[in-house]
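Residue numbers (full-length UniProt numbering), protein chains in the order written: chain A, 1 to 478; chain B, 1 to 478.
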């Protein structure tokens, strides 16, 4: 193999691949010693620093390892090699192929979230003291042995739970029988099933910019493309939908109309009607991700798109994760029955359904009215937390930030005035034990934004973090 | 569009596609009336029966509907159309592209399994009276509120559970720290994660023939190919591995060495050593699916491949579904840490982890020794059930069937002597309320085989079913 100096692939990556190929084909077997960096550099006509970078990458992938004698050994192959190789494919985002740098940040976030010393001011999750542990334990204590379905469940999920969900949906204006409801292991799996089961490889999904969807790989990893739609204070703007459908072959619209993640925006009544009417006219199906709906503060959001859907255009996603318990892993998809049948079939092929224990507890929460009780409590607490965070922002960010006051949900989309380097700010904050969710996770152009969440950190932690954050932003902006 | 009469696609399918395209592009909108069958037949120069077949297909997909006036209306589009369209892709198996007919049968099985009047004599699931409902309820009663982790879990799963799994693995000779273990929602999800995360599209997986894997779509749907390996009474025969690796570019071996599904075969000690040594030499990674290991009757199986794996060649899959409760949806993958890290990352991207409630209960079962108690009980019961089924086979099938006596697990691979039509036998049995798992689900050449399972049906039901089955086989073989 000769290195390609014209290629856009950096030389150290080419050297990494060169060595991997030697390991893969068994030319360099596990336990064998690699040529010295100097020799390899001479052989490949590259700087020694290029070889060093390649060795570091291979060591990080645990394929090679330095030994005490100063040499370098091959220590792993097969699965290790596959994991390393695919890592690259997996990270290949499709929109302009430029999203790669985000993944390490998300992985860092996933890890830091389990460090108890870290203050998390962007986490999309309720604080543990808002989760109804006692009520859970109570429900579990009362579980009669005979009502535990320990076997496999029906493809669409436990009937008891689906009937309760059907009732719940009725309460928010959506008519759906239990056979039009599929129980899933959270909203993320709902998206995965839709992506695997209904969308062709290479489909273009039109969605808000920014969007939560940019931070997860569920669609990109199955080869979907994203087409960004503008949004304003009233939510997604559907004006360009028809054009984009033609221009970019948009096949589906994905939207979070109620308390949008990450901006907190509530789509207005008027905008909802516009969106529905454009999509009906253009025969564009909609994925309505409505997992924050119940978390309103002053007044309930306008009716769901699904509640006005006459043509089966809307697939509706709900979840218990944002109100009750993310660990339960229970959500649902609502749609036309043949579509739900299809998705149920795929769910069976992927994991044989959600935990029956979780399904049982979820059904009991809904049946007994304990869910409603929990919702009221969370609403009240979240509103208080939102007010506190807004107060803090007034105190510490009035000169260096802009924000809108959300009417529900978890998030404030903080626009920072001083020009910052988001990766640097993220790293510096992490050194101070503060975990940020930078805007670039949700829109790579949103360098001047942070997603703040008042759902997780305590008031005391939040005050501490916001005070430190102010300093970091000002330093960073210099 | 002009129909292509030279095409291998049947004319009625072409007509169906023609109409779908009209609906998709909006030429025929929802609510509009279709041309009459006669007119359409004339326009397309086909028989009216061809148009009728197309209409029936479209009606089955709920895209069109007859109305009282005798006309036919378009009643659905967008999602309905996507569900219909993709159905075809999803069903496209890759090995010779010929597996399509299986899927409807599997779907029928999935549905019939929830009909309480049906006797299931091939189901890979413990009978409800073997599931430890009381112990479960007991454990739940004793759950302290503070031990319930209702939030999101660490990417690799609840640490408490992973530590228990690590202990359990030690007991079967596998050394694996908690960071080399990934908790998954059952073994099927383990395969999905491996398929999505480690294997390239178009990879060839070498596996036993027959195999459970042929009956699920987890690999095929991500574009994998299957290369079948012969097996005998000692299990998979690795003699051809090296050749097949080269000839078909085989990249991975998948095997169920202990109480193989569907044949019940236990791979011998000797064969295990051979397989490991060939794979190490050929640098072929192995997926060891060992979910039936604990269900031995007279003596434990030979050590797992993983327990002798020095080079990180083996990914090991275990599960609680076959012993404790399928509804719990708890299994694990064990492998080199970088590989497990990678798979954990993908798990986070697909469903944010398994139910924390399920994980907690699973951990408690292992920690308290209740798992071991349950295993002993299930072993004893299954052995009795195996003996009973073998007795029944001696009584009713000695002249028309051949079988081996399994040493553990759930299955007997019944070879029928009279030449039968498996689909017809399946349908006829279903009419008599007996649900069969025909051999063709696991190997499309295995037309003369049934997978029997003594795990599910009661002795009484089994006797009744086997008696009826004898008649059906003899009739069918005429």
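Even glycine gets a Cβ: it sits at the ideal position worked out from N, Cα and C.
Source: prediction; values computed, not measured.
Quiz item: Near residue 65/B, what residues of its chain come up, given a Cβ to Cβ distance below 6 Å and the 5 sequence neighbours on each side ignored?
Solution: 73, 75
Quiz item: Should residue 93/B be labelled buried (16 or more other beta-carbon atoms within 10 Å of its own) or exposed?
Solution: Unreliable placement is indicated for residue 93/B, whose pLDDT of 24 sits below 50; the coordinate value is still reported in the next sentence. It is buried - the Cβ of residue 93/B has at least 16 other Cβ atoms within 10 Å.
Self-check item: Positions along the region 163-188 of chain A whose CB lies within less than 7 Å of some CB in chain B
Solution: 185, 186, 188
Quiz item: In or out: residue 473/B buried (at least 16 other Cβ within 10 Å) or exposed?
Solution: Counting Cβ neighbours within 10 Å, residue 473/B comes out buried, since at least 16 surround it.
Quiz item: Does the beta carbon of residue 73/A sit closer than 8 Å to a beta carbon anywhere in chain B?
Solution: no
Quiz item: When Cβ atoms are compared, which residues of the region 147-162 of chain B fall closer than 7 Å to chain A?
Solution: 148, 149, 150, 151, 152, 153, 154, 155
Self-check item: Of the residues 322/A, 111/A, 119/A, the one placed nearest residue 462/A, counting alpha carbons only
Solution: 119/A
Quiz item: Of all the CB atoms in chain A, is at least one closer than 8 Å to the CB of residue 117/B?
Solution: Taking Cβ atoms only, chain A never reaches closer than 8 Å to residue 117/B, which makes this a no.
Quiz item: Below 8 Å between beta carbons: does that hold for residue 289/B and residue 256/B?
Solution: yes
Quiz item: Hey, how far is the Cα of residue 211/A from the Cα of residue 219/A?
Solution: 13 Å
Quiz item: Which residues, taken in chain order from the region 315-327 of chain B, show a beta carbon closer than 7 Å to some beta carbon of chain A?
Solution: 315, 325, 326, 327
Quiz item: Grouping DSSP H, G and I as helix and E and B as strand, with all else coil, what is residue 13/B?
Solution: helix
Self-check item: DSSP beta-bridge partners of residue 332/A
Solution: 183/A, 318/A
Quiz prompt | Beta-carbon neighbours of residue 479/A, restricted to chain B and to distances below 8 Å | solution = As displayed, chain A neither begins before 1 nor continues past 478, which places residue 479/A out of reach and without an answer.
Quiz prompt | Three-way DSSP call (helix, strand, coil) for residue 208/B in this model | solution = strand
Quiz item: Taking a cut of 8 Å between CB atoms, which residues from the region 194-216 of chain B lie near chain A?
Solution: 196, 197, 198, 199, 200, 216
Self-check item: Interface flag, residue 18/B vs chain A, CB-CB below 8 Å
Solution: no
Self-check item: Helix, strand or coil at residue 497/A according to DSSP, with G and I counted as helix
Solution: In the structure as shown, chain A begins at 1 and stops at 478. Residue 497/A is therefore absent and cannot be evaluated.
Quiz item: So residue 125/A packs on residue 239/B, CB below 8 Å; how close in whole Å?
Solution: 53 Å between Cβ atoms; not a contact.
Quiz item: Does the beta-carbon distance from residue 188/B to residue 350/A come in below 8 Å?
Solution: Taking 8 Å as the cut-off, the Cβ atoms of residue 188/B and residue 350/A count as close.
Exercise. Round the Cβ separation of residue 333/A and residue 343/A to the nearest angstrom and send it over; I've been treating them as touching at under 8 Å.
Key: Yes, residue 333/A and residue 343/A are in contact; Cβ-Cβ is about 6 Å, under 8 Å.
Quiz item: Given a limit of 7 Å on CB to CB distance, which residues of the region 108-138 of chain B reach chain A?
Solution: So the list reads 110, 114, 125, 128, 131, 133, 134, 136, 137, given in the order they occur along the chain.
Quiz prompt | 9 Å Cβ cut-off: residues of chain A touching residue 141/B | solution = 140, 141, 142, 143
Practice problem: Kindly indicate if chain B contains any beta-carbon less than 8 Å away from that of residue 357/A. | Solution: yes
Exercise. Please report the residue range of the beta strand (DSSP E) in which residue 254/B lies.
Key: For residue 254/B, the enclosing beta strand (DSSP E) stretches over residues 250-255.
Exercise. Select from the region 251-269 of chain B all residues with a C-beta closer than 9 Å to any C-beta belonging to chain A, and list them in chain order.
Key: 251, 252
Quiz item: Do you know whose CA, among 28/A, 46/A, 416/A, lies nearest residue 5/A's CA?
Solution: 46/A
Exercise. Could you please give me the residues that DSSP links to residue 401/B through a beta bridge?
Key: 416/B
Self-check item: Residues of its chain near residue 364/A, where Cβ-Cβ distance is below 6 Å and the 5 sequence neighbours each way are ignored
Solution: 139
Quiz item: Under the rule that 16 or more other beta-carbon atoms within 10 Å means buried, what is residue 167/B, buried or exposed?
Solution: exposed
Quiz prompt | Contact set for residue 217/A: own chain, Cβ-Cβ below 6 Å, skip 5 residues either direction | solution = none
Quiz prompt | residue 301/A: contacting residues in chain B (beta-carbon distance under 7 Å) | solution = Here the premise fails: no neighbours, minimum Cβ distance about 23 Å.
Self-check item: Per-residue contacts from residue 361/A into chain B (C-beta, under 9 Å)
Solution: 357
Quiz item: Under the three-state reduction of DSSP, which class applies to residue 39/A: helix, strand or coil?
Solution: helix
Quiz item: Beta-carbon of residue 244/B versus every beta-carbon of chain A: anything under 8 Å?
Solution: no
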